[in-house]
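Each position in the sequence shown, counted from 1, maps to that position plus 28 in the working numbering. Here is the structure we will look at.
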Amino acid sequence: MFNFIVTWMQTALTFFYDITVSLGIANYGVAIILLTVVIKMLLYPLTVKQVKSMKAMQELAPKIKALQEKYKDNKEKLNVEVANLYKTAGVNPVAGCLPLIVQMPFLIAIFYAIRDYSYVSNPTFLWINNLSQTSPSDPYYIIPILAAVTTYFSSRQTTTELNQQNRMMLMMMPLFIGYLTISFPAGLGIYWVISNFIQIGQQWWVNRKPKVIGEAG
Numbered sequence: 029m030f031n032f033i034v035t036w037m038q039t040a041l042t043f044f045y046d047i048t049v050s051l052g053i054a055n056y057g058v059a060i061i062l063l064t065v066v067i068k069m070l071l072y073p074l075t076v077k078q079v080k081s082m083k084a085m086q087e088l089a090p091k092i093k094a095l096q097e098k099y100k101d102n103k104e105k106l107n108v109e110v111a112n113l114y115k116t117a118g119v120n121p122v123a124g125c126l127p128l129i130v131q132m133p134f135l136i137a138i139f140y141a142i143r144d145y146s147y148v149s150n151p152t153f154l155w156i157n158n159l160s161q162t163s164p165s166d167p168y169y170i171i172p173i174l175a176a177v178t179t180y181f182s183s184r185q186t187t188t189e190l191n192q193q194n195r196m197m198l199m200m201m202p203l204f205i206g207y208l209t210i211s212f213p214a215g216l217g218i219y220w221v222i223s224n225f226i227q228i229g230q231q232w233w234v235n236r237k238p239k240v241i242g243e244a245g
């Protein structure tokens, strides 16, 4: 099943490359961007459910914290009260995880699809010498920098409580992604950056509505 998804991704990449050829701008970078846009659009319903669920959980966080203080010596009562709070608010605490689990095979597949793709011509794109190679093909390290910056803003959108642990994650995760992008083929970096830009836009679109509790179950 996984190999089928990888093959499908590579076939789709070839399809979009053929489109760029027919338009007279044959370019694998543009093809990767088009593929990324289509994937994000197909997964948009899952993104909506995930973002709404995460925001609903964040809105309930103060009430859950109050319950934890009130019933800190009675774990059984705490579990009952938290469950009742979820039920009253119409929030499913696992709803934010399920969409991500469903998306994971696709995210892993696109990684292997781009990494192992057989290019029929030299895959250059703008300042990038070769999309199939790692950071030396991006002499200015623009893609790793953009990967880190967009990861930060995407994560920041879903983080409302800036405690010490969250601040640390907000700083470390983008740096880690930027570091990984240096060791990945530049084509994967483009996929990640474009995916983040779209994710930021999708999260803004979902979060523009002030009330989500009751919609995330």
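Note that the Cβ used here is the ideal one computed from N, Cα and C, for glycine as well.
Under 9 Å between C-beta atoms of V34 and Y140: yes
CB-CB length for A176 against I138, believed under 8 Å: About 19 Å separates the two Cβ atoms, so there is no contact after all.
Cα-Cα separation between A89 and V110, rounded to whole angstroms: 10 Å
Through-space distance from P213 to E87, alpha-carbon basis: 39 Å
Pair within 9 Å by beta-carbon distance, I136 and F30: yes
Alpha-carbon spacing of D246 relative to K91, whole angstroms: Shown here, the chain extends from 29 to 245; a query on residue 246 therefore has no answer.
Among W232, S146 and V108, nearest to Y45 - alpha-carbon criterion: S146
Helix, strand or coil at I53 according to DSSP, with G and I counted as helix: coil
Three-state secondary structure assigned by DSSP to F139: helix
The alpha helix (DSSP H) enclosing Q86, as first and last residue numbers: Y72 to K98
Continuous alpha helix (DSSP H) stretch holding T178: start and end: I170 to Q185
Test item: CB-CB of V130 and L174 under 9 Å: no
Residue(s) in a DSSP beta bridge with F153: I156
Alpha carbon of W155 to alpha carbon of A84, nearest angstrom: 42 Å
As assigned by DSSP and simplified to three states, the class of V119: coil
Nearest-angstrom beta carbon gap, N158 and S149 [assumed within contact, 8 Å]: S149 to N158, Cβ: 11 Å. No contact.
Beta carbon of T209 nearer than 9 Å to that of L216: yes
Exposure label - L153; buried when at least 16 CB within 10 Å: For the sequence presented, residue 153 should be read as Phe rather than Leu. With 16 or more neighbouring CB atoms inside 10 Å of its own CB, F153 falls in the buried class.
Cutoff 6 Å; reference I222; Cβ partners in own chain excluding five residues on either side: Shown here for I222: same chain residues with a beta carbon closer than 6 Å to its own, the five before and five after excluded, namely I61 and T64 in chain order.
Cα-Cα separation, F181 to M69: 20 Å
Nonlocal neighbours in the same chain, by C-beta distance under 6 Å from V66, ignoring five residues either side: none
Candidates M196, S211 and I142: closest to T39 by CA position: I142
Straight-line gap, K98 to K105 (C-alpha atoms, nearest Å): Approximately 10 Å, taken between the alpha carbons.
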